[in-house]
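Student:
Residue numbers (UniProt numbering): 1 to 307.
(1) For residue 250, does the three-state DSSP call read helix, strand or coil?
(2) Nearest to residue 213 by CA position, among 253, 267, 248, is which residue?
(3) Pick from 97, 45, 60, 294: whose alpha carbon is nearest that of residue 78?
(4) Enumerate in chain order the residues of its own chain whose CB-to-CB distance from residue 125 is below 6 Å, with the five nearest sequence positions on each side excluded.
(5) In whole angstroms, what separates the C-alpha of residue 81 from that of residue 48?
(6) Suppose you measure from the CA of residue 101 to the CA of residue 149; what does that come to, to the nearest Å?
(7) To which residues does DSSP link residue 166 through a beta bridge?
(8) Let me know if residue 1 comes out buried or exposed under the rule of 16 or more other beta-carbons within 10 Å of its beta-carbon.
(9) Give me the Cα-Cα distance between residue 170 and residue 259, rounded to the nearest whole angstrom.
(10) Return the first residue and the last residue of the alpha helix (DSSP H) that residue 49 is part of.
(11) Is residue 242 near residue 281, with beta carbons less than 9 Å apart?
(12) What residue range does the beta strand (DSSP E) around residue 219 cover?
(13) Measure the CB-CB distance between residue 196 and residue 221 and report whether it falls below 9 Å.
(14) Touch check for the segment 49-69 and the segment 7-21: three-plus C-beta pairs under 8 Å?
(15) Just to confirm, is the Cβ distance from residue 56 to residue 87 under 9 Å?
(16) If you check the beta carbons only, do residue 51 and residue 295 fall under 9 Å apart?
(17) Would DSSP call residue 56 helix, strand or coil?
(18) Pull up the distance between the alpha-carbon of residue 240 and that of residue 133, whole angstroms please.
(19) Does DSSP classify residue 92 as helix, strand or coil?
(20) On a Cα-Cα basis, can you pick out the residue from 139, 284, 23, 130 that is closest to residue 224?
(21) Between 215, 248, 216, 217, which has its C-alpha nearest residue 227's C-alpha?
(22) Could you give the DSSP three-state label for residue 185: helix, strand or coil?
(23) With distance defined between alpha-carbon atoms, name the residue in 28, 97, 121 nearest to residue 178.
(24) Can you tell me the Cα-Cα spacing of residue 264 and residue 291, whole angstroms?
(25) Straight-line CA distance for residue 203 to residue 185?
(26) Taking only the alpha-carbon atoms, compute the straight-line gap between residue 135 and residue 210 and give it to the nearest angstrom.
(27) Over what stretch of residues does the alpha helix (DSSP H) that includes residue 265 continue unbroken?
(28) Is it the case that the Cβ atoms of residue 189 and residue 158 are separated by a distance below 9 Å?
(29) Here's the rule: buried if 16 or more other CB atoms are within 10 angstroms of the residue's CB, otherwise exposed. What is residue 163?
(30) Identify which residue in 230, 181, 173 has its Cα closest to the Cα of residue 201.
(31) For residue 297, which residues from the same chain have a beta carbon less than 6 Å from its beta carbon, with the 5 sequence-adjacent residues on both sides left out?
(32) From residue 310 to residue 22, what does the alpha carbon distance come to, in whole angstroms?
(33) For residue 39 and residue 74, what's the separation of their Cα atoms in angstroms?
Printed below as a string of structure tokens:
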């Protein structure tokens with residue numbers, strides 16, 4: 001078993017079918033590539049063929065998965081038959097900075113943990129609160145309130161064998177001025193960190209410095225590139241900056257941006273990091289092409305450094 005295993009962070013959005021049995025007839029309905037992106041059977045086979053033997057799902061996937069498969073356990077078995085295992089699910093801890101929302105935030109986090117356990121996963125990468133726009137700047141007490149929620153969810157998750165990993169988004173209220181404070185205010189026994197390589201760089205951190213500072217807290221990664229490092233407050237704190245009308249892409253496949261991912265892999269080699277590396281393609285116009293480009297860069301540039 002390799003030290004680093006690779007997963008795909010699911011951004012396929014709506015997958016309407018479990019398996020298309022009449023593939024040729026389906027194709028002739030419109031003679032486009034729709035048939036190739038409409039069922040979980042085919043999507044999971046793409047992943048397996050390209051060497052991504054894990055999938056990290058998101059809450060928005062549940063609306064498709066549960067009606068199609070009937071239960072998390074059935075989806076997990078279906079994926080396993082195609083060489084893919086569910087490693088976890090993303091979670092947004094909405095309004096965790098609000099003291100009067102504590103019980104609701106903790107309840108939602110616990111329910112997400114229970115869902116992950118049903119899928120057989122062991123990671124819950126968690127955005128600690130919502131966008132900066134409309135809620136920031138947070139006070140010191142509000143940051144500490146976020147920490148209290150994360151600790152409570154993390155304690156519950158640990159009892160179920162799940163690691164929660166704080167996950168920064170460059171546009172969220174936990175941002176450059178306070179995200180280190182949040183990390184250091186959480187209990188390392190229960191709260192870990194998911195290093196999204198592009199998000200922290202856009203936010204203003206130096207990727208390699210940040211990794212060195214928090215290497216002992218990191219449970220997993222979202223690996224992606226960017227050419228938009230150190231964005232100013234006016235961008236990060238704007239309304240919905242991740243969604244742009246002009247076609248701006250914040251995130252790129254590894255090797256197509258400017259991050260020192262090779263330097264990161266040298267540090268991973270130094271530490272003998274063992275765990276999952278989720279590849280994330282948010283913003284890509286062609287997820288399968290992104291997956292293939294990523295596999296090429298992994299095999300020719302990054303994996304040779306570590307392996």
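All C-beta atoms, glycine included, are put in the ideal place defined by N, C-alpha and C. Every value quoted in this text rests on a predicted model; they were computed, and no experiment measured them.
Tutor: The short version:
(1) One-based indexing of the chain shown puts residue 250 at position 250. Three-state DSSP puts residue 250 in coil, outside helix and strand.
(2) Start at 1 with the first residue of the chain shown, and residue 213 comes out as number 213. Nearest C-alpha to residue 213: 267.
(3) Position 78 of the chain shown, counted from the start, is the residue given in the question as residue 78. Nearest C-alpha to residue 78: 45.
(4) Here residue 125 is taken as the residue at index 125 of the chain shown, counted from 1. Cβ within range, chain order: 90, 165, 167, 194.
(5) Numbered from 1 along the chain shown, position 81 holds the residue referred to as residue 81. Numbered from 1 along the chain shown, position 48 holds the residue referred to as residue 48. Taking the straight line from one Cα to the other gives about 10 Å.
(6) Mapped onto the chain shown, residue 101 falls at position 101. Mapped onto the chain shown, residue 149 falls at position 149. The alpha-carbon atoms of residue 101 and residue 149 are separated by roughly 10 Å.
(7) Taking the chain shown and counting its residues from 1, one reaches residue 166 at position 166. The partner list for residue 166 (beta bridge, DSSP) reads 126, 193.
(8) The residue you call residue 1 lines up with position 1 of the chain shown. Exposed, by the Cβ-count rule.
(9) Here residue 170 corresponds to residue number 170 of the chain shown, with the count starting at 1. Here residue 259 corresponds to residue number 259 of the chain shown, with the count starting at 1. Straight-line Cα distance between these residues: approximately 16 Å.
(10) Counted from its first residue, the chain shown places residue 49 at position 49. From DSSP, the alpha helix (DSSP H) with residue 49 extends over 40-49.
(11) For the purposes of this step, residue 242 is taken as the residue at position 242 of the chain shown. For the purposes of this step, residue 281 is taken as the residue at position 281 of the chain shown. In this structure, residue 281 does not lie closer than 9 Å to residue 242 by Cβ.
(12) Position 219 of the chain shown holds residue 219. Residue 219 -> beta strand (DSSP E) spans 218-223.
(13) Position 196 of the chain shown, counted from the first residue, corresponds to residue 196. Position 221 of the chain shown, counted from the first residue, corresponds to residue 221. In contact: residue 196 and residue 221 (Cβ atoms closer than 9 Å).
(14) yes
(15) Looking up residue 56 in the chain shown gives position 56. Looking up residue 87 in the chain shown gives position 87. Yes, these two residues count as a Cβ contact at 9 Å.
(16) If you number the chain shown from 1, residue 51 lands on position 51. If you number the chain shown from 1, residue 295 lands on position 295. Yes, Cβ-Cβ distance for residue 51 and residue 295 is below 9 Å.
(17) Counting from one through the chain shown, the residue named residue 56 turns up at place 56. Strand.
(18) Against the chain shown, residue 240 aligns to sequence position 240. Against the chain shown, residue 133 aligns to sequence position 133. About 8 Å.
(19) Reading the chain shown from its first residue, position 92 is the one you call residue 92. Residue 92 falls in the strand class under three-state DSSP.
(20) In the chain shown, the residue the question calls residue 224 occupies position 224. With distances taken between Cα atoms, residue 224 lies closest to 284.
(21) Translated into the one-based positions of the chain shown, residue 227 becomes position 227. Nearest neighbour of residue 227 by Cα position, chosen from 215, 248, 216, 217, turns out to be 248.
(22) Residue numbering aside, residue 185 sits at position 185 when the chain shown is read from its first letter. Helix, per DSSP.
(23) The sequence position of residue 178 within the chain shown is 178, counting from 1. Checked all of 28, 97, 121; the closest Cα to residue 178 is 97.
(24) By 1-based counting over the chain shown, the position of residue 264 is 264. By 1-based counting over the chain shown, the position of residue 291 is 291. Rounded to whole angstroms, residue 264 to residue 291 spans 20 Å at the Cα level.
(25) Taking the chain shown and counting its residues from 1, the one referred to as residue 203 is at position 203. Taking the chain shown and counting its residues from 1, the one referred to as residue 185 is at position 185. Residue 203 and residue 185 have their C-alpha atoms spaced approximately 20 Å apart.
(26) On the chain shown, residue 135 is found 135 positions in, with the first residue counted as 1. On the chain shown, residue 210 is found 210 positions in, with the first residue counted as 1. Each residue's alpha carbon lies about 25 Å from the other.
(27) Counting from one through the chain shown, the residue named residue 265 turns up at place 265. Judged by DSSP secondary structure, residue 265 falls within the alpha helix (DSSP H) whose first and last residues are 261-271.
(28) For the purposes of this step, residue 189 is taken as residue 189 along the chain shown, with counting starting at 1. For the purposes of this step, residue 158 is taken as residue 158 along the chain shown, with counting starting at 1. Contact flag set, yes.
(29) Taking the chain shown and counting its residues from 1, one reaches residue 163 at position 163. Under this definition residue 163 is a buried residue.
(30) Working through the chain shown from its first residue, we reach residue 201 at position 201. With distances taken between Cα atoms, residue 201 lies closest to 230.
(31) For the purposes of this step, residue 297 is identified with residue 297 of the chain shown, where counting begins at 1. 254, 255.
(32) The structure shown does not extend to residue 310, since the chain spans only 1 to 307, so no value can be given for it.
(33) Counting from 1 along the chain shown, the entry for residue 39 is found at position 39. Counting from 1 along the chain shown, the entry for residue 74 is found at position 74. In a straight line, the C-alpha of residue 39 is about 15 Å away from that of residue 74.
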